[in-house]
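Just so we're on the same page, the working numbering is the position in the sequence shown counted from 1, plus 1. By construction, the Cβ of each residue, glycine as well, lies at the ideal position given by its N, Cα and C atoms. Only a predicted model underlies this, so the values are computations on that prediction, with no experimental measurement involved. Some notes on the structure that comes next.
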Amino acid sequence: MRRAVTGALEEAGRRGAEEATPEHLLLSIARDSESAAAFMLEHAGVAPATIEKQLDASSPRGETPRQRAPRFSDAALTILEGSQAQADAWKHRHVGTEHIALALTQTNGTDAAALLAREGFTHDRAEAALRAWYDQGMPRRRHGVARVAVRSPAMRAILRPLRWLMHYPTLAWNVYIRKSVGHPKFVTDPYPLYRKLRERDPVRRDPLAPVWILTRYDDTFTMLRDPRFKKDPFASIRLPPQAREQLDVPMADAFRASLETVSMLFLDPPEHTRIRSIFTKTFTPRRIENLRPRMQRMCDEILDRAVSRGGGGGGGHGRGATLELMSELAAPLPVTVIAELLGFPPSDYAKIKKWSDEMAEALGLNPTLEQQAAAQRAREEMRKYFDRIVEHLRTTPGDNLLSALLAPEAEVMNPDELFANSVLLLAAGHETTTNLIGNGMLALLRHPAQLDDLRKHPEIIDTAVEELLRFDPPVQWTSRVAGETIEMRGQQLNRGDICLASVGSANRDPAVFKDPDKLDLRRQENKHLSFGTGIHFCLGAALARMEAEIVIGTLVHRFPNLKLLTKRPRWRKGITFRGVHSLELGL
Ligand code: HEM
2 MRRAVTGALE
12 EAGRRGAEEA
22 TPEHLLLSIA
32 RDSESAAAFM
42 LEHAGVAPAT
52 IEKQLDASSP
62 RGETPRQRAP
72 RFSDAALTIL
82 EGSQAQADAW
92 KHRHVGTEHI
102 ALALTQTNGT
112 DAAALLAREG
122 FTHDRAEAAL
132 RAWYDQGMPR
142 RRHGVARVAV
152 RSPAMRAILR
162 PLRWLMHYPT
172 LAWNVYIRKS
182 VGHPKFVTDP
192 YPLYRKLRER
202 DPVRRDPLAP
212 VWILTRYDDT
222 FTMLRDPRFK
232 KDPFASIRLP
242 PQAREQLDVP
252 MADAFRASLE
262 TVSMLFLDPP
272 EHTRIRSIFT
282 KTFTPRRIEN
292 LRPRMQRMCD
302 EILDRAVSRG
312 GGGGGGHGRG
322 ATLELMSELA
332 APLPVTVIAE
342 LLGFPPSDYA
352 KIKKWSDEMA
362 EALGLNPTLE
372 QQAAAQRARE
382 EMRKYFDRIV
392 EHLRTTPGDN
402 LLSALLAPEA
412 EVMNPDELFA
422 NSVLLLAAGH
432 ETTTNLIGNG
442 MLALLRHPAQ
452 LDDLRKHPEI
462 IDTAVEELLR
472 FDPPVQWTSR
482 VAGETIEMRG
492 QQLNRGDICL
502 ASVGSANRDP
512 AVFKDPDKLD
522 LRRQENKHLS
532 FGTGIHFCLG
542 AALARMEAEI
552 VIGTLVHRFP
562 NLKLLTKRPR
572 WRKGITFRGV
582 HSLELGL
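Printed below as a string of structure tokens:
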């Protein structure tokens, strides 16, 4: 019901209408292919396309499309009240799309009612269709399951809902996936759901939209390396609003589009090849390695401060001191490193972090208008600041990335490209590494034997960081668009379909990793996909690895009594990036 209501407001908004009318309501329920109303309309032979065509003809589009119309028309409100009456008449406790469909057939004088009457969707036929919906167990497709006689009435009562689900596995599975992805438990621990998807629905099409969900290693690998899969920053704009909401695809498209059109993360060859090669020439392993002593010093200073705050202790050990890992170390260190690497003066880091955070907010789930406005403001302020810094570095170059990119011998990028890709480095370079440190430390503290092994054998830090990356990756999903018809595990992906691949799930695929749910810091065969693969393989992988090695290695070796004081860490919302809000450690 909620989806039908918001869908109608969004439909009206998209068409530039001031009010959502009964026609927008009708279109919204007809389009939601899983709804009872869609079944009823289909049962009576009324196709959504027919409704859409007739509505297009009768209600021309307004001038300025927007995300949502601000209100309902009086006629639409009458329909919504009528649907409550229909639910009462059928003795239903909840109002659903089926009651809207029934109410639409009983209200005269609207285009929607006229259209339905013309199509033969009378009240009697609507009621007959609703009965059919119940008779068929509310599914779109039926699957036969053998019945077993259960004699006890109590047992029958318990089994009834289960039997329904067993009887209609497709419906049950869809309900399960929807409920699971939206459930707070999914954010806390997505891995059980990944396993179920990998095992029984590895190439899954979303019932609402042309979106595929891939969860096996091989398919994720193919999606990332096969040139038939493209980057398409505008793909999400084509999705219906309900699908965007359900799939956690952000709405702030205007903002996204302005940045993404020129940042390498969202480009295909040949544009991608040109920009990426400019950055690989300047973002060299030597430049990264040179940062090591500075990073170690920064880490030591932060830990020294925490120790002295706690009263200090022999040999630099904590003894009673505490550290909020995320805000005190895991967040400030990577942002300082990347800002310094690019060439921004240290006095501006707080300002830069605020701008990056505001811009990142607008890329979350359904940002508010205020968040979108704040992001736009941050971007404009940052652009002015950035242009000033660039001007300064042109005349007074330093030993940093921006100076190297501006050097006369460097290949030229236009100012928008330089800005968008520098912002990409800033954004990609801190949140992700912060979460690698947070998720990594949490995994270690929850596996004391592994932590002990690392403490006794500092030389395994390389494989340890790789395993922590595999075990709980900071980036859980990545996406592409099918550039042509593609066959995958017997399914046909059409040109333009969106593909979301779960890196988190691929990393736990038993076909590739032995005992995938086990944390094994000495794992040798570890081809995890946490940094992606192929032409978009993470440009900052070496830097992220070094930061994690330094921070995790130093914490583990300096503090032999390290303790996790946060009993139940709170995970950040959203399914793409995975990390905790805070993690209190006893040193
Ligand atoms: C643990 C930390 C990090 C993780 C898990 C991570 C993850 C990823 C992933 C999965 C991709 C590929 C996305 C795709 O194929 O669609 C990627 C690309 C990228 N990453 Fe990272 N990243 C991390 C740190 C960094 C750092 C520190 C930087 C920069 C300083 C960085 C810069 C980039 C850039 C520029 C790209 C785009 C490359 C391209 O499109 O050619 N990342 N990253």
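- Counting C-beta atoms within 10 angstroms of its own C-beta, residue 32 has 16 or more neighbours from the protein chains shown and is therefore classed as buried.
- The C-beta distance from residue 524 to residue 468 rounds to 5 angstroms, short enough to meet the 8 angstroms contact threshold.
- Unbroken alpha helix (DSSP H) stretches of 4 residues or longer found wholly inside the stretch 376 to 444: 402 to 407, given in chain order.
- It is roughly 10 angstroms from the alpha-carbon of residue 8 to the alpha-carbon of residue 27.
- The alpha carbon of residue 424 has as its nearest neighbour, out of 370, 379, 434, 394, the alpha carbon of 379.
- Restricting attention to 201, 271, 196, the CA atom closest to the CA of residue 228 is found in 271.
- Sixteen is the threshold: since fewer than 16 other Cβ atoms of the shown chains lie within 10 Å of the Cβ of residue 321, the residue is exposed.
- The three-state reading of DSSP puts residue 134 in helix, counting H, G and I together.
- For the pair residue 520 and residue 448, the CB atoms are nearer than the 8 angstroms cut-off.
- Between residue 569 and residue 514, the alpha-carbon positions lie close to 28 angstroms from each other.
- Assigned with DSSP and collapsed to three states, residue 587 falls in strand.
- About 13 angstroms separates the CB atoms of residue 212 and residue 492; that is not less than 8 angstroms, and the two are not in contact.
- Assignment of beta-bridge partners to residue 231 by DSSP yields 482.
- Exclusion of the five residues before and after residue 349 leaves 340, 386 as the residues of its chain whose Cβ lies within less than 8 angstroms of its Cβ.
- Within 7 angstroms of the C-beta of residue 545 there is at least one heavy atom belonging to the ligand HEM.
- Shown here, residue 34 sits in coil according to DSSP, grouped into three states, outside any helix or strand.
- No Cβ-Cβ contact shorter than 8 angstroms links residue 127 with residue 265.
- If you draw a straight line from the Cα of residue 283 to the Cα of residue 528, it is about 27 angstroms long.
- The straight-line gap separating the alpha-carbon atoms of residue 427 and residue 443 is approximately 25 angstroms.
- Taking each of 56, 5, 15, 57 in turn and checking the Cα distance to residue 35, the smallest one comes out for 5.
- Classified as buried, residue 432 has 16 or more neighbouring CB atoms from the shown chains inside 10 Å of its CB.
- Judged by DSSP secondary structure, residue 504 falls within the alpha helix (DSSP H) whose first and last residues are 504 to 507.
- By the CB criterion at 8 angstroms, residue 572 and residue 216 fall outside the cutoff.
- Following the DSSP letters along the chain, one finds residue 493 inside the beta strand (DSSP E) bounded by residues 492 to 494.
- Straight through space, the alpha carbons of residue 384 and residue 354 are spaced by roughly 14 angstroms.
- Taking the Cβ atoms as the reference, residue 218 lies roughly 4 angstroms from residue 507, within the contact range of under 8 angstroms.
- Remark: C-beta atoms of residue 38 and residue 79 do not approach each other more closely than 8 angstroms.
- Residue 84 counts as buried, since no fewer than 16 other beta carbons sit within 10 angstroms of its beta carbon.
- Residue 531 has its Cβ nearer than 7 angstroms to a heavy atom of the ligand HEM.
- For the 8 angstroms CB-CB criterion, residue 198 and residue 187 do not form a contact.
- Per DSSP, the beta bridge partners of residue 213 are 206, 500.
- Going by C-alpha positions, residue 413 is about 24 angstroms away from residue 346.
- For residue 232, the number of other beta carbons within 10 angstroms of its own is at least 16, and it is reported as buried.
- In the displayed model, residue 94 falls within coil according to three-state DSSP, outside both helix and strand.
- Under the three-state reduction of DSSP output, residue 72 falls in the strand class.
- Within the DSSP secondary-structure output, residue 578 pairs in a beta bridge with 476.
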